[in-house]
Amino acid sequence: MIRLTAERTPAGTSYLATGQGQPVVLIHGVGLNKEMWGGQVVGLATKYRVIAYDMLGHGASPRPESGTPLLGYADQLLELLDHLQLPQATVIGFSMGGLVARAFALHYPQRLQGLVVLNSVFNRSPEQRAGVIARTAQAAEHGPNANAEAALSRWFSREYQAANPAQIAALRQTLAGNDPQGYLTTYELFATQDMYRADDLGRIQVPTLIATGELDPGSTPEMAEQLAARIPGATVAVLAEQRHMMPVESPRLVNQLLLEFLDTANARQNQIKGIVA
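Quick note, our numbering runs 1 ahead of the 1-based positions in the sequence shown.
Next comes the structure, spelled out in structure tokens:
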């Protein structure tokens, strides 16, 4: 990853920013932090201004109060954009970050230029819901490390785990090192908010990409199709043979997908601006 010095907003959000051009904001998943986006920072910053930040309760950002709603996480992103004096940005959310991105799109549409939801959840089945609720209970009782081994097995292919033991060990340490209350508050939202304002998703009017991996057991291709069907003009991409952590496991593949979307979306926006002008 490009070595950058983390900065802070007045409210304490820790973020990294690099590159020039249209702004792209990256939101990580539960238990992770802004460092997960190393491959995307390198791949996107040649053409875009890339901003990665730590969600509430993660990394070096403040801990949320117990019971903080999903809107509180969207408000964190709003404060970051205000601090950076960015009128609009394309927001890319991974897993839990996808829920935050969706909430931001619904609450602050005027600040959104484009939306990408990667490996995220929508309309869980009763069995899927029961599984994630059980994991929430385990985290409440035993802390962030309770589900680490099972999570890593879901997230990565066995081949990748075997070939990258140091990276897997570092991720295991990141998961275990999370603030227990911040992690639990966030995980409870992840477990329960997959249908957050689902009936309002048709209001999203920006270019939108919904993508996941063919082999992602928790953020399935069916979920991606169902979510995209609610958002006018949304594109769906299912990457063959990819699991949950495809931005980390296959950064070049994911970057190609993101750059194609960003380039097309920006060209469309510029065309619209030219017509209006």
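Cβ coordinates follow ideal geometry from the N, Cα and C atoms, glycine included.
Reference residue i, options the options, closest by Cα
| i | options | result |
| --- | --- | --- |
| Ala131 | Ala192, Ala149, Asp76, Asn120 | Ala192 |
| Leu119 | Asn271, Glu261, Met246 | Met246 |
| Ile169 | Asp264, Gly98, Pro110, Leu153 | Leu153 |
| Met37 | Arg173, Val133, Arg269, Asn267 | Arg173 |
| Asp55 | Gly40, Leu17, Gln21 | Leu17 |
| Pro11 | Trp156, Pro65, Asp83, Val43 | Asp83 |
| Ala241 | Glu215, Ala102, Leu33, Gln182 | Glu215 |
| Asn271 | Phe157, Gln23, Leu260, Tyr109 | Gln23 |
| Gln21 | Gly275, Lys48, Leu258 | Lys48 |
| Arg9 | Leu57, Arg50, His29 | Leu57 |
| Gln194 | Val122, His29, Thr221, Val92 | Val122 |
| Ile232 | Gln182, Gly40, Arg103, His143 | Arg103 |
| Asn124 | Ala235, Ala230, Gly178, Gly234 | Ala230 |
| Leu33 | Gln41, Pro248, Thr187, His59 | His59 |
| Leu78 | Ser67, Glu128, Gly94, Gly68 | Gly94 |
| Arg155 | Pro218, Pro166, Thr187, Arg50 | Pro218 |
| Thr187 | Gly73, Ala7, Glu226, Gly44 | Gly73 |
| Arg50 | Ser126, Gly275, Leu260 | Leu260 |
| Asn146 | Tyr197, Asp180, Arg159, Pro166 | Asp180 |
| Arg64 | Pro222, Gln182, Thr221 | Gln182 |
| Gly30 | Phe262, Thr236, Leu185, Val207 | Leu185 |
| Arg204 | Val43, Gln41, Ala106, Val42 | Ala106 |
| Gln206 | Ala149, His143, Thr91, Phe157 | Thr91 |
Proximity below 8 Å, CB of residue i to CB of residue j
| i | j | result |
| --- | --- | --- |
| Leu71 | Ile52 | no |
| Leu100 | Leu190 | yes |
| Leu89 | Gln114 | Residue 89 is actually Gln in this sequence, not Leu. Closer than 8 Å, so yes. |
| Leu306 | Thr209 | Within the shown structure, residues of the chain are numbered from 2 to 278, placing residue 306 beyond reach of any answer. |
| Ala238 | Ala212 | yes |
| Ser15 | Ser62 | yes |
| Glu66 | Tyr161 | no |
| Met98 | Asn256 | Per the sequence shown, the amino acid found at residue 98 is Gly instead of Met. For Gly98 and Asn256, no; Cβs fall outside 8 Å. |
| Ala141 | Leu176 | no |
Three-state secondary structure (DSSP) of residue i
| i | result |
| --- | --- |
| Pro110 | helix |
| Arg15 | Here residue 15 is Ser; the residue named in the question, Arg, does not match the sequence. The answer is strand: DSSP assigns Ser15 an E or B state. |
| Ala268 | helix |
| Ile28 | strand |
| Tyr188 | helix |
| Ile93 | strand |
| Met2 | Its pLDDT being 43, under 50, Met2 is placed unreliably in this model, and the value from its coordinates should be taken loosely. If DSSP states are grouped into helix, strand and coil, Met2 belongs with coil. |
| Gly115 | strand |
| Arg198 | coil |
| Glu215 | coil |
| Arg125 | coil |
| Leu100 | helix |
| Phe157 | coil |
| Val244 | Val is not the amino acid found at residue 244; the sequence shown has Arg there. Correct three-state label for Arg244: coil. |
| Asn146 | helix |
| Leu33 | coil |
| Gln21 | coil |
| Glu223 | helix |
| Gly132 | helix |
Residues bridged to residue i [DSSP beta-bridge criterion]
| i | result |
| --- | --- |
| Thr236 | Leu210 |
| Arg9 | Ser15 |
beta-carbon residue i near the ligand SAH non-hydrogen atom, thresh 7 Å
| i | result |
| --- | --- |
| Ser15 | The ligand SAH is not part of the structure shown, which contains no ligands of any sort. |
Tell me the start and end of each unbroken beta strand (DSSP E) in the region 47-96 that is at least 3 residues and wholly inside, in chain order. 50-54, 90-95
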